[in-house]
Amino acid sequence: MIIVIQGIAFLIEIYSWALIIYILMSWFPGARENAFGRFLSSICEPFLEPFRKIIPPLGMIDISPIVAFIVLNLAKKGVQQLYFWF
(Lines of atoms letter the chains of each structure in order from A and count residues from 1; the text may use other names and numbers.)
(Lines give C-alpha, C1' and ligand atoms only; values in the text may rest on other atoms or scores of the structure.)
Protein backbone atom coordinates (compact mmCIF):
# COMPACT_ATOMS: atom_id res chain seq x y z
CA MET A 1 0.00 0.00 0.00
CA ILE A 2 2.88 2.35 0.78
CA ILE A 3 4.29 1.88 -2.73
CA VAL A 4 0.93 2.89 -4.25
CA ILE A 5 0.75 6.02 -2.08
CA GLN A 6 4.33 7.00 -2.96
CA GLY A 7 3.57 6.35 -6.64
CA ILE A 8 0.53 8.63 -6.55
CA ALA A 9 2.54 11.39 -4.83
CA PHE A 10 5.26 10.99 -7.49
CA LEU A 11 2.71 11.23 -10.31
CA ILE A 12 1.26 14.41 -8.79
CA GLU A 13 4.78 15.86 -8.68
CA ILE A 14 5.40 14.94 -12.34
CA TYR A 15 2.05 16.47 -13.31
CA SER A 16 2.96 19.67 -11.47
CA TRP A 17 6.15 19.93 -13.52
CA ALA A 18 4.17 19.30 -16.70
CA LEU A 19 1.88 22.20 -15.76
CA ILE A 20 4.87 24.47 -15.14
CA ILE A 21 6.35 23.62 -18.53
CA TYR A 22 2.98 24.09 -20.21
CA ILE A 23 2.52 27.52 -18.65
CA LEU A 24 6.05 28.60 -19.56
CA MET A 25 5.43 27.49 -23.14
CA SER A 26 2.71 30.14 -23.39
CA TRP A 27 5.43 32.80 -23.22
CA PHE A 28 6.99 31.59 -26.47
CA PRO A 29 5.02 32.02 -29.70
CA GLY A 30 4.43 28.77 -31.51
CA ALA A 31 5.74 26.57 -28.70
CA ARG A 32 2.38 24.88 -28.16
CA GLU A 33 2.00 23.99 -31.84
CA ASN A 34 4.68 21.29 -31.91
CA ALA A 35 4.06 17.67 -30.88
CA PHE A 36 5.31 18.16 -27.32
CA GLY A 37 3.15 21.26 -26.87
CA ARG A 38 0.07 19.45 -28.15
CA PHE A 39 0.79 16.54 -25.80
CA LEU A 40 1.07 18.87 -22.80
CA SER A 41 -2.07 20.66 -23.91
CA SER A 42 -3.98 17.39 -24.05
CA ILE A 43 -3.02 16.50 -20.47
CA CYS A 44 -3.04 19.98 -18.87
CA GLU A 45 -6.05 21.73 -20.40
CA PRO A 46 -8.68 19.30 -18.99
CA PHE A 47 -7.34 20.02 -15.49
CA LEU A 48 -7.10 23.80 -15.98
CA GLU A 49 -10.48 24.26 -17.68
CA PRO A 50 -12.67 24.00 -14.53
CA PHE A 51 -10.48 26.57 -12.79
CA ARG A 52 -10.77 28.91 -15.77
CA LYS A 53 -14.56 28.66 -15.58
CA ILE A 54 -14.53 29.64 -11.91
CA ILE A 55 -11.77 32.29 -12.08
CA PRO A 56 -11.95 34.51 -15.15
CA PRO A 57 -8.71 36.02 -16.47
CA LEU A 58 -7.73 39.44 -15.15
CA GLY A 59 -7.04 41.19 -18.42
CA MET A 60 -4.14 39.33 -20.01
CA ILE A 61 -3.24 37.53 -16.78
CA ASP A 62 -4.69 34.09 -16.10
CA ILE A 63 -4.42 33.23 -12.41
CA SER A 64 -6.26 29.90 -12.67
CA PRO A 65 -2.97 27.92 -12.85
CA ILE A 66 -2.07 29.28 -9.42
CA VAL A 67 -5.26 27.85 -7.98
CA ALA A 68 -4.61 24.61 -9.87
CA PHE A 69 -1.16 24.38 -8.25
CA ILE A 70 -2.70 24.95 -4.82
CA VAL A 71 -5.18 22.12 -5.45
CA LEU A 72 -2.40 19.80 -6.66
CA ASN A 73 -0.29 20.68 -3.63
CA LEU A 74 -3.21 19.96 -1.29
CA ALA A 75 -3.80 16.63 -3.04
CA LYS A 76 -0.14 15.74 -2.67
CA LYS A 77 -0.18 16.67 1.01
CA GLY A 78 -3.30 14.54 1.49
CA VAL A 79 -1.65 11.56 -0.17
CA GLN A 80 1.45 12.07 1.98
CA GLN A 81 -0.73 12.09 5.10
CA LEU A 82 -2.07 8.69 4.04
CA TYR A 83 1.53 7.52 3.93
CA PHE A 84 1.93 8.30 7.64
CA TRP A 85 -1.22 6.35 8.50
CA PHE A 86 0.23 3.17 7.06
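Residue numbers (this note's numbering): 20 to 105. Glycine included, C-beta positions come from ideal geometry on N, C-alpha and C. Nothing here was measured: the structure is a model prediction, and the numbers come from that model.
Separation of Phe-103 from Val-23, as counted between CA atoms: C-alpha separation (whole angstroms): 13 angstroms.
Beta-carbon proximity list for Phe-88, same chain, < 8 angstroms, skipping 5 on both sides: Once the five neighbours on either side are set aside, the close Cβ partners of Phe-88 are Ser-35 and Leu-38.
Length of the line joining the Cα atoms of Ile-74 and Ile-80: Approximately 11 angstroms, taken between the alpha carbons.
Coil, strand or helix - Ile-74 by DSSP: Coil, per DSSP.
Rounded separation between Ala-54 and Pro-65 - CA only: Distance between the alpha carbons of Ala-54 and Pro-65: 18 angstroms.
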